[in-house]
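A.B. asks:
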């Protein structure tokens, strides 16, 4: 995707690791895989078309989707790490932005891109 071409930076395809909300910080886990067609979250796939938005508060980030009964998926804001490939080292920043902001930028980017592609008039 060439994420270095965009400002603010968007997270490229790869893995995001961190903590589930309400869990103690010792349970670091694979949260999701960012792909060209959407987000893969521990056995649940969310296509970019089914994402309604993303929000953040003091403690967590929420990916909103009315396609799922719970209305969205929450992740602890602190400690998100990214790696492009399983052989790469984890990093806290993507082109100078914390992983969570680069993820939010990617979601916004994909939603805007889809809106442009689907707007036939």
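In this note's numbering, the protein residues as written are 23 to 143. C-beta: ideal position from N, C-alpha, C; glycine also.
Can you check which of these residues, 35, 122, 138 and 109, is closest to residue 99 by C-alpha distance?
C.D. replies: Mapped onto the chain shown, residue 99 falls at position 77. When each option's Cα is compared against that of residue 99, the closest is 122.
A.B. asks: Give the DSSP-derived three-state secondary structure of residue 133 in the structure shown.
C.D. replies: By one-based count along the chain shown, residue 133 stands at place 111. It is helical.
A.B. asks: So, does the segment 86 to 97 touch the segment 106 to 118, judging by three or more C-beta pairs under 8 Å?
C.D. replies: Judged by Cβ distances under 8 Å, the segment 86 to 97 makes no contact with the segment 106 to 118, as fewer than three pairs qualify.
A.B. asks: Under DSSP, the beta strand (DSSP E) around residue 82 begins and ends at which residues?
C.D. replies: In the chain shown, the residue the question calls residue 82 occupies position 60. Residues 82 to 86.
A.B. asks: Given a cut-off of 7 Å on the beta-carbon distance, is the pair residue 70 and residue 136 in contact?
C.D. replies: Mapped onto the chain shown, residue 70 falls at position 48. Mapped onto the chain shown, residue 136 falls at position 114. Cβ atoms of residue 70 and residue 136: closer than 7 Å.
A.B. asks: Check residue 128 in the structure and name its three-state DSSP category.
C.D. replies: Here residue 128 corresponds to residue number 106 of the chain shown, with the count starting at 1. Helix.
A.B. asks: Quick one: which unbroken beta strand (DSSP E) runs of 3-plus residues sit fully inside the segment 37 to 106? Chain order, please.
C.D. replies: Complete beta strand (DSSP E) runs here, min 3: 51 to 57, 60 to 63, 66 to 69, 75 to 78, 82 to 86, 94 to 98 and 103 to 105.
A.B. asks: So residue 36 and residue 102 are in contact, right, with Cβ under 8 Å, and what is the actual spacing, rounded?
C.D. replies: As a working note, residue 36 is residue 14 in the chain shown. As a working note, residue 102 is residue 80 in the chain shown. So it is not a contact: roughly 12 Å between Cβ atoms.
A.B. asks: Does the separation of the CB atoms of residue 104 and residue 32 fall below 7 Å?
C.D. replies: Here residue 104 is taken as the residue at index 82 of the chain shown, counted from 1. Here residue 32 is taken as the residue at index 10 of the chain shown, counted from 1. No, they are not a contact pair.
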